[in-house]
Amino acid sequence: MTLIKPEDTWSLWAFLFAWAAVSIHLEQRYRWASAVSGCILALGGGLLFANMKVVPTASPVYDHVWSYVVPTAVPLLLFSADIRKIWRESGRALGAFHLSALGTVLGTILATVLLGHRIPEIGGISAMFSGSYIGGSVNYVAMSEAFRVSPGLINAGLVADNLLMALFFGVLTALPGFAFIRRRFPTPLMDRLEGQAAETSNPVASYWGRSEVSLKDLSAALACAITIVAVSVHCSGWISASTLPAVLKGLIGQKYLLITALTVGLASTFPRFFSGIRGAREIGTLLIYLFFVVIGVPASILSVIRESPILLAYAAIILVVNLLVTLGLGKLTGHDLETLLVASNANVGGPTTATAMAIGKGWNELVLPAILIGVWGYVIASYIGYYIGMNIRLLLW
């Protein structure tokens, strides 16, 4: 029983927007909140209010955020993505993403060796978590269906996944503040932001300063974004229903891949028009904050303790190895700390969480790469997860 019922649609939408607004206000008003980042405040608030029984942990409203809000945010954040700049801006991030994906694979193997004998249906579980921690929750669901995992295990794993994601994002956000870590990696974006901090009380507030936005801008932004999503969703459905090989369907039929490809194509063909739409970035970021509140909500701490402690430990091992491999190999290959952290975030949470982290930290140059590598994760995660799961099932079953 919760104060706001799952079917109380208006109250839940009010909660999502209100807490997103509070998180943004705190981030821009206070130094401590800026250091934590508004996205973590949004996620933490969802976690707190759900465990205090203020809001439910599941509702059709949250499903609508996943189905409609998140896809709309992606094109809004890509309107200035000229294709001629993409590879120049995301090349290093793409390499860091693959290092982090390797960390997920090694973490899954280690977790299975240590705990696999105590977890039922370990083949499907390994596929679900490795898919989730390379691509995101979309791949978690895809792998659960591919391996026909029991509904109870799916739900218990999802709760553990969401709770650990919240904690993991907090760790990623806090790491740049440790001198031990900072001294061992180049940090060009943070160095520049700290130089600017001498001129402003809050760099995040400065980044999101007031800008001139007209009614024409807002209408064009939403009309273009929603049209792009609609076309992409229809194309995805047509491709999925076609007789194309499964591999090709996965490569060109992913909804988020199509949204990104179509938006980038239009932004590159008509750069003056799309980059001239003011307010698109602000609307997209607000929608991302709503998403952060939602991914914190299902993480019921009591449910994890009661139903899935072994899955919590299993997922924790994967995330620890992911981070250690990302930082270790990233150090050897000369990557900067900001790129490595965003790449690790893109693996674990997908393009939306990685984008929100880049914006929240003021790493503007990494916003577009975060989206691109996150979408790439959607494409490859299911195949990697399926391969891992099938091999583990053959070895242990």
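In UniProt numbering, the protein residues as written are 1 to 397.
Built from N, CA and C at the ideal position, the CB exists for glycine as well.
Every value quoted in this text rests on a predicted model; they were computed, and no experiment measured them.
Rounded distance between the beta-carbons of residue j and residue i, thought under 8 Å
{"i": "Gly-243", "j": "Leu-372", "result": "Looking at the sequence itself, residue 243 is Thr, so the reference to Gly does not match. The Cβ separation is near 29 Å, so there is no contact."}
{"i": "residue 398", "j": "Ala-93", "result": "The requested residue 398 is not part of the displayed model; the chain covers only 1 to 397."}
{"i": "Ile-288", "j": "Thr-352", "result": "6 Å"}
{"i": "Gly-385", "j": "Gly-45", "result": "Incorrect: roughly 31 Å between the Cβ atoms, too far for contact."}
{"i": "Leu-41", "j": "Ser-23", "result": "4 Å"}
{"i": "Tyr-140", "j": "Gly-131", "result": "6 Å"}
{"i": "Leu-99", "j": "Gly-330", "result": "6 Å"}
{"i": "Cys-235", "j": "Leu-258", "result": "5 Å"}
{"i": "Ile-310", "j": "Leu-26", "result": "Ile-310 to Leu-26, Cβ: 36 Å. No contact."}
{"i": "Ile-392", "j": "Thr-112", "result": "6 Å"}
Closest residue to residue i among the options (Cα-Cα distance)
{"i": "Ile-228", "options": "Phe-79, Gly-276, Thr-355 and Asn-347", "result": "Phe-79"}
{"i": "Gly-253", "options": "Phe-169, Tyr-378, Tyr-387 and Asn-364", "result": "Tyr-378"}
{"i": "Ile-226", "options": "Leu-16, Leu-76, Ala-33 and Gly-124", "result": "Leu-76"}
{"i": "Pro-298", "options": "Asp-191, Val-54, Ser-11 and Ser-34", "result": "Val-54"}
{"i": "Leu-158", "options": "Ser-34, Ser-126, Arg-183 and Leu-218", "result": "Ser-126"}
{"i": "Asn-155", "options": "Phe-129, Phe-169 and Gly-135", "result": "Phe-129"}
{"i": "Val-105", "options": "Val-348, Pro-309 and Leu-368", "result": "Val-348"}
{"i": "Met-165", "options": "Leu-394, Gly-389, Asp-8 and Ala-315", "result": "Ala-315"}
{"i": "Pro-186", "options": "Ile-392, His-335, Phe-17 and Leu-368", "result": "His-335"}
{"i": "residue 418", "options": "Leu-102, Cys-224 and Ile-380", "result": "Examination of residue 418 is not possible in this model, given that the chain is present from 1 through 397 alone."}
{"i": "Ala-313", "options": "Gly-107, Lys-216, Ala-50 and Met-390", "result": "Gly-107"}
{"i": "Leu-163", "options": "Leu-48, Cys-235 and Thr-355", "result": "Leu-48"}
{"i": "Ala-33", "options": "Lys-361, Leu-394 and Tyr-383", "result": "Lys-361"}
{"i": "Phe-292", "options": "Leu-102, Ala-160 and Phe-169", "result": "Phe-169"}
Residue i, buried or exposed, once every other Cβ within 10 Å from all chains shown has been counted against 16
{"i": "Glu-121", "result": "buried"}
{"i": "Pro-71", "result": "buried"}
{"i": "Asp-191", "result": "exposed"}
{"i": "Trp-19", "result": "buried"}
{"i": "Gly-276", "result": "exposed"}
{"i": "Gly-91", "result": "exposed"}
{"i": "Glu-338", "result": "buried"}
{"i": "Arg-31", "result": "exposed"}
{"i": "Ile-150", "result": "Reading the sequence as shown, one finds Ser at residue 150 and not Ile. Exposed."}
{"i": "Phe-178", "result": "exposed"}
{"i": "Phe-270", "result": "exposed"}
{"i": "Ala-198", "result": "Low confidence applies here, because Ala-198 scores a pLDDT of 49, under 50, leaving its location unreliable; read the following figure in that light. Flag for Ala-198 reads exposed."}
{"i": "Asn-345", "result": "buried"}
{"i": "Asp-63", "result": "exposed"}
{"i": "Gly-328", "result": "exposed"}
{"i": "Pro-369", "result": "buried"}
{"i": "Leu-3", "result": "exposed"}
{"i": "Glu-145", "result": "exposed"}
{"i": "Arg-387", "result": "Rather than Arg, the amino acid found at residue 387 in this sequence is Tyr. Burial call: exposed."}
{"i": "Thr-9", "result": "exposed"}
{"i": "Leu-266", "result": "buried"}
{"i": "Asn-322", "result": "buried"}
{"i": "Met-357", "result": "buried"}
{"i": "Trp-238", "result": "exposed"}
Any non-hydrogen atom of the ligand COA within 7 Å of residue i CB
{"i": "Gly-265", "result": "This structure lacks the ligand COA, and indeed carries no ligand of any kind."}
Practice problem: May I have a chain-ordered list of the alpha helix (DSSP H) segments no shorter than 4 residues that lie completely inside the region 163 to 198? | Solution: Those alpha helix (DSSP H) runs which fall completely within the region 163 to 198 and span 4+ residues are 179 to 182 and 188 to 197.
Quiz item: Taking only runs of the beta strand (DSSP E) that begin and end inside the region 224 to 269, which ones reach a length of at least 3 residues, in chain order?
Solution: Scanning the region 224 to 269 from its first residue to its last, no whole beta strand (DSSP E) run of 3-plus residues comes out.
Quiz prompt | Inside the region 59 to 144 only - alpha helix (DSSP H) runs reaching at least 4 residues | solution = Runs of the alpha helix (DSSP H) inside the region 59 to 144: 60 to 64, 70 to 76, 83 to 115 and 122 to 132.
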